[in-house]
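Trainee:
Numbering (full-length UniProt numbering), first residue to last: 1 to 166.
Structural data, given as C-alpha cells:
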C-alpha cells in the first residue's frame, strides 16, 4: 500500500470520527412525554444500548448502528488488496480481506437515516412512548458521520479497485 493510500484511508476515517465526536455534544432530538425533553448525543450513546431492558427493541436496533460503524471502520483499516502477508508461525500466506466494509458502512448509514422516519421514541422505562417533535444538530451530525464514511469507503474502493470483482 502506497503512502498516499494510507493517508487517504486515515483521512476517510478521521473526518467522520471527528464529526461523530462533535455530534455527542449537541442536542439530538426533542420529544414530548410529560414535558419536552432534549437529550444530548453522549446521553443517548451511553444509555442506548440498555434501551432494550425498558422495552425499546427498535431503539436498540437504531443504537446498534454505532457498533456496526465501528466494525466497518476497523474492517476498512485492515482491508489491503496490494499485498499478501506471510504468517511467521505457520509460514503460510494469510488470505486478503475482501472489501466488505462498504456493506457494513451502508448498513449503519441506512439505520441512521431510517431513524428520521420515526414519529415516537421510548420515553420511560415503563415502555411509554414520547412524540418526536424535532431532530436537532446532534442527529444530523451523527447521521452525516456515517454517510461521510460510507461515501469515503465507496470512493476509495472505486479509485483503487482491482480488475477482479469481489
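Note that beta-carbon positions come from the ideal geometry of N, C-alpha and C, so glycine has one too. Keep in mind that this is a model prediction, so the values were computed, not measured.
Can you name, in chain order, every residue of its own chain whose Cβ lies under 8 Å from the Cβ of residue 75, other than the five neighbours on each side?
Mentor: Translated into positions along the chain shown, residue 75 becomes position 75. Same-chain partners within the cutoff: 97, 100, 101, 104.
Trainee: Take residue 55 and list the residues in its own chain whose beta-carbon comes closer than 6 Å to its own, dropping the five residues that flank it on each side.
Mentor: Mapped onto the chain shown, residue 55 falls at position 55. For residue 55, where only same-chain residues beyond five positions count, the Cβ hits under 6 Å are 127.
Trainee: Return the Cβ separation of residue 40 and residue 27 in integer angstroms, given the expectation that the two are a contact with Cβ distance under 8 Å.
Mentor: Walking along the chain shown from the start, residue 40 turns up at place 40. Walking along the chain shown from the start, residue 27 turns up at place 27. Confirmed, Cβ separation roughly 6 Å.
Trainee: Which full runs of the beta strand (DSSP E) of 3+ residues lie inside the stretch 34-77, going along the chain?
Mentor: Entirely contained in the stretch 34-77, not one beta strand (DSSP E) run reaches 3 residues.
Trainee: What does DSSP give as the partner residues of residue 32 in its beta bridges?
Mentor: In the chain shown, the residue the question calls residue 32 occupies position 32. BP columns for residue 32 point to 36, 131.
Trainee: How should residue 78 be labelled, buried or exposed, when 16 other C-beta atoms within 10 angstroms of its C-beta is the threshold for buried?
Mentor: As a working mapping, residue 78 is identified with position 78 in the chain shown. Exposed, because fewer than 16 other Cβ atoms sit within 10 Å of the Cβ of residue 78.
Trainee: Decide if residue 9 is buried, meaning its Cβ has at least 16 other Cβ atoms within 10 Å, or exposed.
Mentor: To locate residue 9, count along the chain shown from 1; it is residue 9. Classification of residue 9: buried, given that the 10 Å Cβ count is 16 or more.
Trainee: Grouping DSSP H, G and I as helix and E and B as strand, with all else coil, what is residue 98?
Mentor: Indexing the chain shown from 1 puts residue 98 at position 98. Coil at residue 98, not helix or strand.
Trainee: So, using beta-carbon positions, are residue 22 and residue 141 closer together than 7 Å?
Mentor: Taking the first residue of the chain shown as 1, we reach residue 22 at position 22. Taking the first residue of the chain shown as 1, we reach residue 141 at position 141. Cβ atoms of residue 22 and residue 141: closer than 7 Å.
Trainee: Among all the DSSP beta bridges, which residues are the ones paired with residue 122?
Mentor: Looking up residue 122 in the chain shown gives position 122. Note: residue 122 sits in a beta bridge opposite 129.
Trainee: Among the candidates 69, 37, 59, whose CA atom is the shortest distance from the CA of residue 47?
Mentor: Start at 1 with the first residue of the chain shown, and residue 47 comes out as number 47. Closest by alpha carbon: 59.
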